[in-house]
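The sequence shown begins at 11 in the numbering used here and counts up one residue at a time.
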Amino acid sequence: MFAVKRETRAFPDRWDFTPRPVWAIVLSLFFVSIPERHRVKRSRALQFQLEYIALLVMAAVVRHLPRTFVLWGGQCLGRLAGWVQPARHRLARHNMQRAFPEMSSAEVARNVSRVFAHFGASSVDMLRLDRFRPGSDDLQRYFDLSGIDHIRRAYGYDRGVLFLTGHLGVWEAGNFAMPELGFPFDVVAKPMKNPRVDTYVTRLRESHGARVLDSKKGARRILKSLQQGRGVAILLDQHIRPPGSVAVDFFGRKAYTTTAITNMAMKFQIPVVPIFITRLPDFRYRLSAEAPMFLENGADSDLIHRNTQLLTDRIEAAARRDVTQWFWMHKRWRVPEEKAPDDTISA
């Protein structure tokens with residue numbers, strides 16, 4: 011639905027047909043006599059409140075239904091979300107086709123549909139995160155564990171552990187599995203725009219002993235957790251504008267990637283453990299941890315770039331094992347292809 015916004019001049023040169031949410035148009039009828047700056051504040055406040063209420067209603071439903079039924083329903087909702095968001099669907103198809111040029115268009119379309127189904131199931135799954143029972147058999151019942159000895163060895167160095175992961179599989183499930191395995195565990199996350207939703211989601215993430223570290227508070231908070239001997243999970247596969255990032259190869263294209271985890275691992279010789287949690291066909295999880303990595307230290311910008319590429323390669327390798335569980339609808343590749351710089355470094 012489109013709202014027509016007229017310019018303030020007596021005779022406008024153009025009309026602005028900007029797409030707007032239906033709720034914003036309805037609110038404008040009630041707030042027409044209120045100054046615009048206050049209307050915006052009230053509209054946003056109402057939007058946040060409606061989002062929070064919708065979240066509570068959905069959580070109440072999924073928490074009291076059988077898990078398999080809920081995840082199946084989440085898959086259906088995910089496919090529906092792809093249908094009602096054609097721009098995201100096109101972006102996902104474009105990204106996957108560029109990454110796998112050997113795939114036919116029909117195969118890409120099928121895989122993208124499965125991507126939306128997977129993340130729909132993961133979204134409702136997260137609302138049940140605090141339903142796992144500490145000290146019960148839930149860990150053995152729902153998780154296929156691999157590489158736990160690698161994790162124990164990394165903690166044994168007594169330097170803290172940097173867990174390398176990405177928007178792959180069901181990464182939120184680590185907030186239950188890691189504390190249940192006895193590992194002190196934190197995760198770096200960007201606060202959500204809706205403060206009430208952010209508070210609710212943070213409570214879910216921390217319901218089993220994990221701690222959420224605000225990504226906006228920078229490396230100092232992460233280093234403090236590492237000094238306490240805790241593990242810190244960082245999702246490396248997201249766009250970070252330079253400075254503070256380098257352009258590395260990811261599925262054959264340049265993508266800006268943060269150097270934060272690289273710099274910390276190099277400077278303080280902190281072990282880096284690639285860890286991924288993917289969904290199995292029976293709705294169980296597979297937690298796979300790889301051997302600890304120690305990155306070569308040095309101030310050379312080329313070395314920082316090579317180490318960041320090394321970490322990115324681990325995420326790509328994991329994503330290639332099941333292309334339907336990586337977040338293809340993300341605007342990951344934003345490096346101009348005619349430039350594709352690889353030397354933008356901030357130490």
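Built from N, CA and C at the ideal position, the CB exists for glycine as well.
Going by DSSP, I280 is part of no alpha helix (DSSP H) at all; its letter is neither H nor E.
Boundaries of the alpha helix (DSSP H) harbouring F129: 115–136, taken from the DSSP string. Scanning its chain for C-beta atoms nearer than 6 angstroms, with the 5 sequence neighbours on each side dropped, one finds around S132 the residues V180, in chain order.
The residue among G88, L172, T268 with its C-alpha nearest the C-alpha of A243 is L172. Annotation: T209 is outside any beta strand (DSSP E); the continuous alpha helix (DSSP H) that includes it extends over 205–215. DSSP, read as helix, strand or coil, puts W343 in coil. In the three-state reduction of the DSSP assignment, K264 falls in the strand class, which pools E and B. DSSP links M303 through a beta bridge to V282. Judged by their CB atoms, Q85 and A127 are nearer to each other than the 9 angstroms cut-off.
Per the coordinates, the alpha-carbon of T272 lies some 43 angstroms from the alpha-carbon of H74.
The DSSP-derived three-state label of R221 is strand.
With respect to the 9 angstroms criterion, E182 and R215 are classified as neighbours on the basis of their beta carbons. Scanning its chain for C-beta atoms nearer than 6 angstroms, with the 5 sequence neighbours on each side dropped, one finds around M276 the residues L305, N307, in chain order. A299 counts as buried, since no fewer than 16 other beta carbons sit within 10 angstroms of its beta carbon.
Comparing C-alpha distances from G262 to each of R342, D332, R162 shows the shortest one belongs to R342. Linking F260 to E112 through their CA atoms gives a straight-line distance of about 17 angstroms. Contact between V256 and H340 does not hold, since the beta-carbon distance rounds to 18 angstroms and is not under 8 angstroms. For F173, the enclosing beta strand (DSSP E) has its first and last residue at 171–175. In the three-state reduction of the DSSP assignment, V80 falls in the helix class.
Cα atoms of A91 and A102: separation of roughly 13 angstroms, rounded to the nearest angstrom. Rounded to whole angstroms, the separation of the alpha carbons of A64 and W93 is 20 angstroms. Taken through DSSP and simplified to helix, strand or coil, Y295 comes out as strand. F186: member of the alpha helix (DSSP H) spanning 184–190, first to last residue.
If you ignore the 5 residues before and after I161, its C-beta comes within less than 7 angstroms of the C-beta of F193, V283, A299, all in its own chain and listed in chain order.
Using a Cβ distance threshold of 9 angstroms, F129 and V333 do not count as a contacting pair. For D148, the enclosing alpha helix (DSSP H) starts and ends at 148–152.
Under the three-state reduction of DSSP, F58 is assigned to helix.
In the three-state reduction of the DSSP assignment, V197 falls in the strand class.
For M303, the closest of R124, K200, F293, T318 by C-alpha to C-alpha distance is T318. Residue nearest to Y62 within the set F278, G170, Y210 is Y210 (criterion: CA-CA distance). In the structure shown, I158 adopts helical secondary structure according to DSSP, grouped into three states.
Taking A309 as reference, the option from L137, R169, R344, T269 with the minimal CA-CA separation is T269. Where A243 is concerned, the enclosing beta strand (DSSP E) starts and stops at 241–245. If you draw a straight line from the Cα of G254 to the Cα of D208, it is about 26 angstroms long. Under the DSSP assignment, M106 falls in the alpha helix (DSSP H) whose first and last residues are 96–109.
Approximately 19 angstroms separates the beta-carbon atoms of V198 and A265; this is outside 8 angstroms, ruling out the contact.
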